[in-house]
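Visitor: Position one of the sequence shown corresponds to residue 23 (this note's numbering), numbered consecutively onward. Where is the CB? At the ideal position from N, CA and C, for every residue including glycine. None of these values were measured; they are calculated from a predicted model. Sharing a structure below in structure tokens format, with a few things to ask.
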Amino acid sequence: MMAEPIEVELLVDARAIVGEGPIWDPRDNRLIWVDIMGHKVHRYDPASGQDEAFDVGQPVGAAATRASGGLVLAVHDGFATLDLATGRVELLAPVEQDIPHNRMNDGRVDSAGRFWAGTMPYEWQERVGQGALYRLNADHTVERIFGGVTISNGIGWSPDDRLMYYVDSPTQRLEVFDYDAASGAISNRRTLVEIPSEVGLPDGLTVDAEGYIWLAVWGGWRIQRYSPDGRLDREVRLPVSQGSSCCFGGPDLMDLYITSATSGLAEAQLRQEPHAGALWRCRPGVKGKAPHSYKG
Ligand code: CA
23 MMAEPIEVEL LVDARAIVGE GPIWDPRDNR LIWVDIMGHK VHRYDPASGQ
73 DEAFDVGQPV GAAATRASGG LVLAVHDGFA TLDLATGRVE LLAPVEQDIP
123 HNRMNDGRVD SAGRFWAGTM PYEWQERVGQ GALYRLNADH TVERIFGGVT
173 ISNGIGWSPD DRLMYYVDSP TQRLEVFDYD AASGAISNRR TLVEIPSEVG
223 LPDGLTVDAE GYIWLAVWGG WRIQRYSPDG RLDREVRLPV SQGSSCCFGG
273 PDLMDLYITS ATSGLAEAQL RQEPHAGALW RCRPGVKGKA PHSYKG
């Protein structure tokens with residue numbers, strides 16, 4: 023199964039609390055990522071090696087490019103926009119305003135330009151199943167897709183747009199739905215892969231151009247690549263335990279960017295992984311799919 027180990031490069035030693043949500047922004051060849059509990063949206067320039075951060079004033083679970091400019095965000099309060107020129111944040115559509123113990127978490131944009139993102143309780147161990155998955159449509163309306171979620175996490179679509187992959191982390195499952203790209207309807211939910219808890223917790227994901235799924239395994243020191251039929255194809259070993267998400271980027275979409283977190287690591291553990299919370303990159307020899315922008 024395993025080929026040569028894939029070399030992983032340290033890019034930004036940001037010590038993020040919860041580094042997350044990397045997405046490639048082809049408009050200016052930058053990598054956008056967030057530090058959820060640091061309340062930051064980061065923008066990394068691979069050409070210069072510079073990383074800048076925007077303080078958005080509240081937890082931010084995910085970001086995506088917006089067709090009309092700037093970014094759309096999934097923040098504690100709901101869906102918001104970020105103007106990258108001014109740093110101004112505006113709430114576009116509130117989500118779960120009546121549930122202050124939840125925040126928005128991971129999210130991605132589909133091929134029709136709809137932004138999907140879910141929620142999770144801050145104290146999720148005590149509030150199992152109290153999150154939900156939402157979709158922000160182009161007209162700024164929000165639809166609740168399903169509830170019963172504990173940590174709404176990775177989401178992605180097959181290259182032919184007929185499948186949607188999804189992770190609710192504490193289920194230990196990478197799940198798959200049939201997907202109707204025109205309407206955005208999902209059906210026939212089933213388990214593709216069960217990740218053993220001793221390996222780690224399934225977290226963020228991205229789907230490559232061959233239709234394979236790259237899954238970050240939180241606590242597992244690794245990213246795993248699964249075939250569309252659920253076979254473990256290869257792994258990227260990380261120098262940090264809490265890899266959280268990944269995406270393809272770079273002008274050729276062949277760089278795999280990986281975020282990580284320091285959250286919950288004791289001092290002794292941080293000494294063992296001094297670059298926890300950093301942004302990383304590798305080139306596994308596979309091409310990613312071009313990212314989509316939110317249409318609203
Ligand atoms: Ca996550």
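Could you tell me which of Asp182, Gly79 and Ile177 sits nearest to serine 191, measuring between CA atoms?
Guide: Ile177
Visitor: Would you list, in sequence order, the uninterrupted beta strand (DSSP E) runs of no fewer than 3 residues that lie entirely inside the region 138-169?
Guide: 153-158
Visitor: Of the choices Val30, Tyr144, Tyr279 and Ser70, whose alpha-carbon is the least far from that of valine 82?
Guide: Tyr144
Visitor: Nearest CA to the CA of glycine 170: which residue from Arg149, Arg52 and Met186?
Guide: Arg149
Visitor: Taking the continuous beta strand (DSSP E) assigned at glutamine 72, which residues delimit it?
Guide: 72-77
Visitor: Helix, strand or coil: how does DSSP classify proline 192 here?
Guide: Residue state, collapsed to three classes: helix.
Visitor: Given a threshold of 16 other Cβ atoms within 10 Å of its Cβ, counted over all protein chains shown, does histidine 123 qualify as buried or as exposed?
Guide: exposed
Visitor: Measure how close the beta-carbons of lysine 309 and phenylalanine 270 come, nearest whole angstrom, since I'm counting them as under 8 angstroms.
Guide: About 7 angstroms; that satisfies the 8 angstroms criterion.
Visitor: Would isoleucine 173 and methionine 142 be called neighbours here (beta carbons separated by less than 8 angstroms)?
Guide: Yes, the pair counts as a contact, with Cβ atoms nearer than the cut-off.
Visitor: Opposite histidine 64 in the DSSP bridges: which residues?
Guide: The partner list for histidine 64 (beta bridge, DSSP) reads Trp55 and Ala75.
Visitor: Using the three-state DSSP reduction, which class does alanine 290 fall into: helix, strand or coil?
Guide: The DSSP-derived three-state label of alanine 290 is helix.
Visitor: Output yes or no for whether 8 angstroms exceeds the beta carbon distance between asparagine 210 and valine 189.
Guide: no
Visitor: Roughly how far, in whole angstroms, is the beta-carbon of isoleucine 280 from the beta-carbon of leucine 260, given that I think they are within contact range, below 8 angstroms?
Guide: 7 angstroms
Visitor: According to DSSP, which residues form a beta bridge with arginine 211?
Guide: According to DSSP, arginine 211 bridges with nothing at all.
Visitor: In or out: arginine 152 buried (at least 16 other Cβ within 10 Å) or exposed?
Guide: A small fix is needed here, since residue 152 is glutamine in this sequence, not arginine. Buried: at least 16 other Cβ atoms inside 10 Å.
Visitor: Going by beta-carbon coordinates alone, are isoleucine 28 and alanine 283 separated by less than 8 angstroms?
Guide: no
Visitor: Assess, as a yes-or-no matter, whether the region 103-115 is touched by the region 287-295 under the definition of 3 or more beta carbon pairs within less than 8 angstroms.
Guide: no
Visitor: Span of the beta strand (DSSP E) holding isoleucine 245?
Guide: Secondary structure note for isoleucine 245: its beta strand (DSSP E) is the uninterrupted segment 244-248.
Visitor: Going by DSSP in three states, glycine 233 sits in which element: helix, strand or coil?
Guide: Glycine 233: coil per DSSP, three-state reduction.
Visitor: Give me the Cα-Cα distance between alanine 160 and glutamate 26, rounded to the nearest whole angstrom.
Guide: 43 angstroms
Visitor: Excluding the 5 residues preceding and the 5 following alanine 75 in the sequence, name in chain order all residues of the same chain whose CB lies nearer than 6 angstroms to its CB.
Guide: Within the same chain, Cβ atoms closer than 6 angstroms to the Cβ of alanine 75 are found at Lys62 and His64, the five residues on either side in sequence being excluded.
Visitor: Exposed or buried, what is glycine 71 when buried is set at 16 or more other beta-carbons lying within 10 Å of its beta-carbon?
Guide: exposed
Visitor: For arginine 136, I'd like the list of residues in its chain whose CB is within less than 8 angstroms of its CB, leaving aside the five on either flank, ordered along the chain.
Guide: Arg157, Leu158, Asn159, Ala160, Gly206, Tyr316 and Lys317
Visitor: Taking the continuous beta strand (DSSP E) assigned at threonine 284, which residues delimit it?
Guide: No beta strand (DSSP E) holds threonine 284; DSSP gives it neither H nor E.
Visitor: Going by DSSP in three states, methionine 276 sits in which element: helix, strand or coil?
Guide: coil
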